[in-house]
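Peer 1: Pasting in a structure now, in structure tokens, and then I'll have a few things to ask.
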Amino acid sequence: MTTSVSNTFEVTQVKPLIGAVIETDKETLLSGRHSAEIRGMLEDRGVMVFPQVHFTDEEQVEFTRTLGKFVPEMHGDIFKISMDKAINPQADYVKGAFYWHIDGTMQQVPLFASMLTCKKVAPVGGNTEFCNTYAAWDALPEEERAAIENLRVVHSLVAAQLFVEPEPDLALLDQWSRLGTNELPLVWTHTSGRKSLVLGSTCDYVVGMDPIESRRLLVKLRDWATQEQFSLSHEWSVGDAVIWDNTGTMHRAMAYPLDCDRQMHRTKLEGEEAFS
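When we follow the numbering used here, the leftmost residue of the sequence shown carries the number 1235, and every step to the right adds one.
In structure tokens form, the structure reads like this:
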């Protein structure tokens, strides 16, 4: 379905339950004229794609500010996502992005949204995948929703990093462990009244459940939430910008050669509600 909002602002849904492509120009985006519409569509569609708008870093920050409270990165306004340690000293940490996750599960108030712009594409692979955790919850059978609605899950950096480095030495394990753990609801009841699943690679175990059954439930729900009807895969072109609702989606990067120069620039919007 396509809806013309103005002469330079055309929205096309990608799938019934997730995603929208907005065809426009950077001047329209930077003007802020459609900011309220974009915010509303972001919560409804989960992921918004702006093909080849070619933001500079300064323009990306400016556009991000039109949508909410901008959050600087640890070392500047932009985080350069690259496996080249000369560009990104945190390249080893970025390897965790290859697994389904929500940003900020080690905090009580996660980011509201993140945006990536593509500067260099991978020669093969490198798509970014998203899934709608609101829609995944809504589609669960009633008896399954009742069984999991009040469960709590312990999250940890250790759980996430074990996907990247399954056999760490003790020093590395201790380094990961310093961040501790964070207990969150498995089902997040938002201030809007909507509910979404809180899943991803940081999930360690379900509180009070047998370890094997806990892992089985978390994998089952991950498989459910990431199935075709709830998910999409964005194939990058240089100049694309993609923003997603971090409170109602999970995301991951698809595999690509680690020695290539794929590069994305990220900006963030401050969280606006706590997990619980």
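Positions of the beta carbon are idealized from the N, C-alpha and C atoms, including for glycine.
From a predicted model like this one, the values you see are computed outputs, not experimental measurements.
Quick one: Cα of residue 1412 to Cα of residue 1492, how far?
Peer 2: The residue given as residue 1412 occupies position 178 in the sequence shown. The residue given as residue 1492 occupies position 258 in the sequence shown. Roughly 27 Å separates the two Cα atoms.
Peer 1: Using CA atoms only, rank isn't needed, just tell me which of 1263, 1252, 1249, 1308 is closest to residue 1242.
Peer 2: One-based indexing of the sequence shown puts residue 1242 at position 8. Considering only 1263, 1252, 1249, 1308, the residue with the shortest C-alpha distance to residue 1242 is 1263.
Peer 1: Can you give the beta carbon distance from residue 1388 to residue 1407, rounded, assuming they're within the 8 Å contact cut?
Peer 2: Mapped onto the sequence shown, residue 1388 falls at position 154. Mapped onto the sequence shown, residue 1407 falls at position 173. With a Cβ gap of about 17 Å, residue 1388 and residue 1407 do not count as contacting.
Peer 1: Considering only DSSP beta bridges, list what residue 1429 is partnered with.
Peer 2: Counting from 1 along the sequence shown, the entry for residue 1429 is found at position 195. 1423.
Peer 1: Compute the distance between the beta-carbons of residue 1509 and residue 1419, then report whether it is under 8 Å.
Peer 2: The residue you call residue 1509 lines up with position 275 of the sequence shown. The residue you call residue 1419 lines up with position 185 of the sequence shown. At the C-beta level, residue 1509 and residue 1419 come within 8 Å of one another.
Peer 1: So residue 1479 is in the beta strand (DSSP E); what residue range does that whole segment cover?
Peer 2: For this step, residue 1479 is matched to residue 245 along the sequence shown. Run containing residue 1479: 1475-1479, per the beta strand (DSSP E) assignment.
Peer 1: Whose C-beta lies closer than 6 Å to the C-beta of residue 1268 among residues of the same chain, with five residues either side of it excluded?
Peer 2: Position 34 of the sequence shown, counted from the start, is the residue given in the question as residue 1268. The answer, listed in chain order, is 1243.
Peer 1: How many whole angstroms separate the CB atoms of residue 1440 and residue 1374, which I take to be in contact at a CB cut-off of 8 Å?
Peer 2: Position 206 of the sequence shown, counted from the start, is the residue given in the question as residue 1440. Position 140 of the sequence shown, counted from the start, is the residue given in the question as residue 1374. That belief does not hold up - the Cβ atoms of residue 1440 and residue 1374 are roughly 16 Å apart, past 8 Å.
Peer 1: Using a 10 Å radius around the Cβ and a threshold of 16 neighbouring Cβ atoms, would you call residue 1476 buried or exposed?
Peer 2: Position 242 of the sequence shown holds residue 1476. Answer is buried; the Cβ neighbour count reaches 16.
Peer 1: Out of 1455, 1430, 1340, which has the shortest C-alpha to C-alpha gap to residue 1372?
Peer 2: Numbered from its first residue, the sequence shown carries residue 1372 at position 138. The shortest C-alpha separation from residue 1372 is found at 1430.
Peer 1: Would residue 1490 and residue 1405 be called neighbours here (beta carbons separated by less than 8 Å)?
Peer 2: Residue mapping note: residue 1490 aligns to position 256 of the sequence shown, counting from 1. Residue mapping note: residue 1405 aligns to position 171 of the sequence shown, counting from 1. Their beta carbons are not under 8 Å apart, which means residue 1490 does not touch residue 1405 by this criterion.
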